[in-house]
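Visitor: This is the structure, below, for whatever I ask next.
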Amino acid sequence: MQSYIQSAEEILKKNDLGSYTVPTHGLYPFQWNWDSCLTALGQFHFNEARAWREIETLMAHQWDDGMVPHIIFHKEDDGYFPGPDVWATGRQVPTSGITQPAVAGFAVNRLYERAKDKALAGEMARALLPKIHKWHQWFFRCRDPQGTGLVAIIHPWESGRDNSVDWDVPFSRVPTDGVLPFQRRDTQHANPEHRPTQAQYERYIWLVQLFRSLKWDNMALHDNSPFRIVDPGFNAILLRSCSDVAKLAAEVGLEAIAAESRSFAQKGTSAMEALWDDDFGQYICFDRAANELIKSPSISGILAAFADIPTNRSQALAERVLQLSSRCTYAVASHDPAAAGFDASRYWRGPVWLIVNYMIADGLRRAGQTDVAEKIKQDSLELIEKGGFAEYYNPLTGAACGGLEFTWTAAMVIEFVSQSEIA
Ligand code: GLC
171 MQSYIQSAEE ILKKNDLGSY TVPTHGLYPF QWNWDSCLTA LGQFHFNEAR
221 AWREIETLMA HQWDDGMVPH IIFHKEDDGY FPGPDVWATG RQVPTSGITQ
271 PAVAGFAVNR LYERAKDKAL AGEMARALLP KIHKWHQWFF RCRDPQGTGL
321 VAIIHPWESG RDNSVDWDVP FSRVPTDGVL PFQRRDTQHA NPEHRPTQAQ
371 YERYIWLVQL FRSLKWDNMA LHDNSPFRIV DPGFNAILLR SCSDVAKLAA
421 EVGLEAIAAE SRSFAQKGTS AMEALWDDDF GQYICFDRAA NELIKSPSIS
471 GILAAFADIP TNRSQALAER VLQLSSRCTY AVASHDPAAA GFDASRYWRG
521 PVWLIVNYMI ADGLRRAGQT DVAEKIKQDS LELIEKGGFA EYYNPLTGAA
571 CGGLEFTWTA AMVIEFVSQS EIA
């Protein structure tokens with residue numbers, strides 16, 4: 171076990187550029203939003219101050235309207251597409267113009283709870299919570315204009331599950347005409363068979379061009395995007411962060427933030443029920459632009475276990491994890507192996523991702539589903555044993571896929587291995 175921690179620590183240090191950490195050199199040479207927050211959890215085990223810094227750096231690039239971008243382009247690197255010139259967001263330090271799962275509130279609360287340096291933790295919580303809360307307010311204002319309690323993503327990259335099967339039908343409404351010619355870089359760093367297809371990439375870029383033409387005005391983007399999806403996993407992360415922010419804000423005396431966060435969490439958690447699907451025994455996405463549920467059994471609906479969902483739902487999700495496990499070797503496949511569209515090695519269409527495993531296991535453990543949480547942890551560690559610290563893994567064979575020496579995978583390993591000490 172100790173050697174896992176040492177190897178993981180080495181990867182985190184190798185990918186550390188001082189005030190932020192790249193997901194892996196080459197394929198992802200900048201700072202990514204949810205990567206950084208989850209990375210901080212791993213860094214915290216050997217350097218508390220450095221972990222806080224990771225999140226501080228991210229939040230320093232928050233937009234005036236509250237949005238926290240999915241990529242911060244701290245320095246130039248032409249090995250990645252789409253770079254700052256394509257996004258054209260006009261920021262002094264360039265950033266992308268879309269966001270990513272809001273896991274910062276959860277991460278900050280977890281760091282605070284574990285901190286040995288309580289003075290630093292208190293100072294950081296008081297500095298970061300108002301910013302994180304502003305981001306949450308932005309979500310409910312700009313991505314839930316009708317006040318349903320749940321927010322929509324307007325680009326697949328926002329979900330963090332770039333090429334999920336969930337997007338296949340809604341993506342058919344996104345055109346490709348007028349997409350300027352471009353050259354992908356990802357397929358030069360990783361096996362093209364593991365990456366999204368060219369047709370998907372053209373639609374990703376079409377959406378970026380649309381948002382750019384709307385001048386990145388977040389009061390206009392949601393309603394104008396042909397792609398508006400209420401993703402249960404994405405919302406669960408946001409709602410869990412809201413409830414963690416509520417708890418921590420109350421502890422450090424930020425009462426107004428605590429009260430509003432509590433109400434975001436309560437309203438959203440009740441609204442999640444509309445995404446439950448009895449056929450699959452899990453939550454599914456809702457296509458807000460088409461006004462219909464998307465009958466696609468992806469990991470997103472299981473990741474919902476991360477929020478404070480009702481006990482009967484957590485129990486059903488634990489059963490669902492076991493059912494999916496019986497269809498492959500390693501939990502938890504990012505798409506049901508029995509469903510159409512499953513692809514064992516292509517990015518988010520089947521492979522196992524350790525960060526998702528970590529969040530599902532955390533939610534299930536909180537809900538008392540400890541056996542299944544433990545199984546997810548064991549499978550995750552076996553994948554490391556078999557494939558090293560990869561970006562993601564084939565759930566049937568355990569083969570490493572995508573980038574290697576991956577930061578957040580390393581961070582999650584430290585978390586998994588240390589769990590018994592912390593619990
Ligand atoms: C890919 C993943 C996304 C992640 C990024 C950096 O785009 O789909 O979730 O944040 O890589 O690791």
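Numbered by the numbering used here, the letters in the sequence shown go through residues 171 to 593 in order.
Cβ coordinates follow ideal geometry from the N, Cα and C atoms, glycine included.
Report the start-end ranges of each beta strand (DSSP E) in the region 535-588 that is 3 residues or longer and not cut off at the edges.
Guide: Complete beta strand (DSSP E) runs here, min 3: none at all.
Visitor: Any idea which residues DSSP pairs residue 468 with across the strands?
Guide: Beta-bridge pairing links residue 468 to 505.
Visitor: May I have a chain-ordered list of the alpha helix (DSSP H) segments no shorter than 4 residues that lie completely inside the region 321-355?
Guide: Entirely contained in the region 321-355, the alpha helix (DSSP H) runs reaching 4 residues are, in chain order, 326-329 and 338-341.
Visitor: Is the number of C-beta pairs between the region 461-481 and the region 403-423 that are closer than 8 Å three or more?
Guide: Because the criterion of three Cβ pairs below 8 Å is met, the region 461-481 and the region 403-423 touch.
Visitor: Can we count residue 478 as close to the ligand GLC, meaning its CB is less than 6 Å from some heavy atom?
Guide: Checking the Cβ of residue 478 against the ligand GLC gives no.
Visitor: Our contact map puts residue 178 next to residue 559 with C-beta atoms below 8 Å; I'd like the distance itself, whole angstroms only.
Guide: The Cβ separation is near 7 Å, so the contact holds.
Visitor: Can you give me the start and stop residues for the alpha helix (DSSP H) that residue 414 sits inside?
Guide: Note, residue 414: alpha helix (DSSP H), 402-421.
Visitor: Return yes when at least one heavy atom of the ligand GLC lies under 6 Å from the C-beta of residue 202, else no.
Guide: Under cutoff, so the answer is yes.
Visitor: Quick test of the definition: if touching needs 3 or more C-beta pairs under 8 Å, does the region 368-384 touch the region 431-442?
Guide: Because the criterion of three Cβ pairs below 8 Å is not met, the region 368-384 and the region 431-442 do not touch.
Visitor: Using a threshold of 6 Å, is the CB atom of residue 193 nearer than that to any non-hydrogen atom of the ligand GLC?
Guide: Yes, the beta carbon of residue 193 sits closer than 6 Å to at least one heavy atom of the ligand GLC.
Visitor: Compute the Euclidean distance between the alpha carbons of residue 592 and residue 550, then round it to the nearest angstrom.
Guide: In this prediction, residue 592 has a pLDDT of 46, which is less than 50 and means its spatial position is unreliable; what the coordinates show is noted afterwards. Each residue's alpha carbon lies about 18 Å from the other.
Visitor: Which of helix, strand or coil does DSSP assign to residue 218?
Guide: Of the three classes helix, strand and coil, the one that applies to residue 218 here is helix, per DSSP.
Visitor: Distance check for residue 212 and residue 573, CA to CA, integer angstroms please.
Guide: About 19 Å.
Visitor: Answer with buried or exposed for residue 262, where buried requires no fewer than 16 other C-beta atoms within 10 angstroms of its C-beta.
Guide: Counting Cβ neighbours within 10 Å, residue 262 comes out exposed, since fewer than 16 surround it.
Visitor: Can you tell me where the alpha helix (DSSP H) with residue 393 in it begins and where it stops?
Guide: Its alpha helix (DSSP H) spans residues 388-394.
Visitor: At least one CB of chain B closer than 7 Å to the CB of residue 279: is that the case?
Guide: Absent here is chain B; the protein component of the structure consists of one chain.
Visitor: Go ahead and label residue 508 buried or exposed: buried means 16 or more other beta carbons lie within 10 angstroms of its beta carbon, across all protein chains shown.
Guide: With fewer than 16 other Cβ atoms within 10 Å, it is exposed.
Visitor: Just verifying my parser: in three-state terms, what is the DSSP assignment at residue 192?
Guide: Note: residue 192 maps to coil in three-state DSSP.
Visitor: Near residue 315, which residues of its chain fall below 8 Å by C-beta distance, leaving aside the five closest residues on each side in sequence?
Guide: The residues are 392 and 393.
Visitor: For residue 151, which of 541, 528, 569 and 529 has the nearest alpha-carbon?
Guide: Lying before the first or after the last residue shown, residue 151 is absent from the chain, which here runs from 171 to 593.
Visitor: Is residue 563 near the ligand GLC, going by C-beta to nearest heavy atom under 6 Å?
Guide: Flag unset: Cβ of residue 563 not near the ligand GLC.
Visitor: Please go through the same chain and pick out, in chain order, the residues whose beta-carbon is closer than 6 Å to the beta-carbon of residue 247, but skip the five residues on each side of it.
Guide: These residues qualify, in order along the chain: 199.
Visitor: By alpha-carbon positions, which one of 193, 538, 218 and 216 ends up nearest to residue 241?
Guide: Ranking the options by Cα distance to residue 241, first place goes to 193.
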